[in-house]
Amino acid sequence: MARGNNANKGDAVTGADARFKLGLAVLIVSNLLFAVPFFIQEHWPGWLKALAGSLLLAPDIGTLAAVAIMGKENFDRIVSAVKRWFASQKPAGNVGPVRHAFGLVLFLSPLVVTYIQGYFPEWLPDASPWRFYANLASDLVFLASLFVLGGDFWDKLRALFVREARAVFPEKARGENRPG
C-alpha cells in the first residue's frame with residue numbers, strides 16, 4: 021500500500037513538471053509567432069495574410085494559455101527570473117571620457133540621417149529600400165549609444181522626464197565656469 025502512495029506522488033511531480041514544460045513551450049512559441057506578421061509577402065493570398073496578421077495577438081493569448089497550463093506560481097517564477105536577468109544586464113555606471121565622447125557621437129549621429137531625409141528627400145526617396153536601411157541603422161546606432169554611454173547616462177535621460185529632477189555638476193567643473 022505504501023508503495024502505491026509513493027508511485028502516485030512521483031506521478032504528481034511528473035505531472036506538475038510536464039505542465040510547467042508545456043506552459044513554458046506555449047509561452048515561448050506564442051511570443052515567437054508575434055514575428056510572423058512582419059514577414060507577410062505581397063503575393064500571399066488574402067486569407068493567409070489575415071491569418072498571419074492575427075498572430076499579432078499570439079503573445080497575449082499564449083500568455084493566458086501558459087498561465088492556465090502551468091499555474092500562476094510557475095509563471096511568477098519565470099517572470100521573476102526574467103526580471104533578475106534584465107537587472108543583471110544593467111550598463112556600467114561610470115564611463116571614461118573617451119567612451120563618453122564616442123557614445124555622444126553615436127547618440128547624436130542619427131540626427132544626420134533625419135535631417136538628410138527632411139531637407140533633401142530626393143537623396144533617400146520614400147520608395148527607396150535604402151531609406152528603410154538608413155532608418156534601421158540609425159535606430160540601432162541610437163540604441164547602441166545608450167549602452168555605450170552607460171548607466172549614469174540612463175539616469176540623466178530618465179531625469180529629463182522627472183519634473184523635480186535637478187542637475188548636479190561636479191565641484192571641479194562648477195569652479196571653472198565662474199566668471200571673473
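To convert, take the position in the sequence shown, counting from 1, and add 20; that gives my numbering. Ideal placement from N, C-alpha and C gives every residue a C-beta, glycine not left out.
- prompt: Of all the options Lys176, Gly113, Asp146 and Arg151, which has the alpha carbon lying nearest to the alpha carbon of Pro130?
  reply: Here residue 130 is taken as the residue at index 110 of the sequence shown, counted from 1. Nearest of Lys176, Gly113, Asp146 and Arg151 to Pro130, Cα basis: Arg151.
Exposed unless 16 or more other CB atoms sit within 10 angstroms - verdict on Ala86: Sequence index remark: in the sequence shown, residue 86 carries index 66 (1-based). Counting Cβ neighbours within 10 Å, Ala86 comes out buried, since at least 16 surround it.
- prompt: Within this structure, are the beta carbons of Leu169 and Gly123 separated by less than 7 Å?
  reply: As a first step, residue 169 must be located in the sequence shown, where it is residue number 149. As a first step, residue 123 must be located in the sequence shown, where it is residue number 103. For the pair Leu169 and Gly123, the CB atoms are nearer than the 7 Å cut-off.
message: When you compare the region 87-98 with the region 63-76, are there three or more beta-carbon pairs, one atom per stretch, that lie closer than 8 Å?
response: As far as the Cβ criterion goes, the region 87-98 does not touch the region 63-76, which means the pair count is below three.
- prompt: Which same chain residues, not among the five before or five after Val118, have their C-beta less than 8 Å away from its C-beta?
  reply: As a first step, residue 118 is located in the sequence shown; it is residue number 98 there, counting from the start. Closer than 8 Å at Cβ, skipping near neighbours: no residue.
task: Locate the alpha helix (DSSP H) running through His120, then write down its first and last residues.
output: What you label residue 120 is simply residue 100 of the sequence shown in a count that begins at 1. His120 -> alpha helix (DSSP H) spans Pro117 to Leu128.
Three-state secondary structure (DSSP) of Asn114: The residue given as residue 114 occupies position 94 in the sequence shown. For Asn114, the secondary structure class from DSSP, reduced to helix, strand or coil, is coil.
task: Taking Leu52 and Ile89 to be in contact with their CB atoms under 8 Å, please state how far apart those CB atoms are, rounded to whole angstroms.
output: Taking the sequence shown and counting its residues from 1, one reaches residue 52 at position 32. Taking the sequence shown and counting its residues from 1, one reaches residue 89 at position 69. Taking 8 Å as the upper bound for CB-CB distance, Leu52 and Ile89 are not in contact here, some 17 Å apart.
field: Contained alpha helix (DSSP H) runs [length at least 4] in the region 146-184, N- to C-terminal order
entry: Runs found: 149-169 and 171-179.
query: Taking only beta-carbon atoms, is Pro57 less than 7 Å away from chain B?
result: Structure shown: chain B not included; a single protein chain is present.
- request: Give a yes or no on whether the C-beta atoms belonging to Val133 and Ser158 are separated by under 7 Å.
  value: Position 113 of the sequence shown, counted from the first residue, corresponds to residue 133. Position 138 of the sequence shown, counted from the first residue, corresponds to residue 158. In contact: Val133 and Ser158 (Cβ atoms closer than 7 Å).
field: Identity of the residue in Ile136, Gly171 and Leu166 nearest Ala154 by Cα
entry: By one-based count along the sequence shown, residue 154 stands at place 134. Looking at the Cα atoms, Ile136 is the closest of the given residues.
Given Phe59 as reference, the closest of Leu75, Leu47 and Ile48 once Cα atoms are compared: Position 39 of the sequence shown, counted from the start, is the residue given in the question as residue 59. Taking each of Leu75, Leu47 and Ile48 in turn and checking the Cα distance to Phe59, the smallest one comes out for Leu75.
task: Scan the region 65-111 and note each continuous beta strand (DSSP E) run of 3 residues or more that stays entirely inside, going in chain order.
output: With a minimum length of 3 residues, no continuous beta strand (DSSP E) run stays inside the region 65-111.
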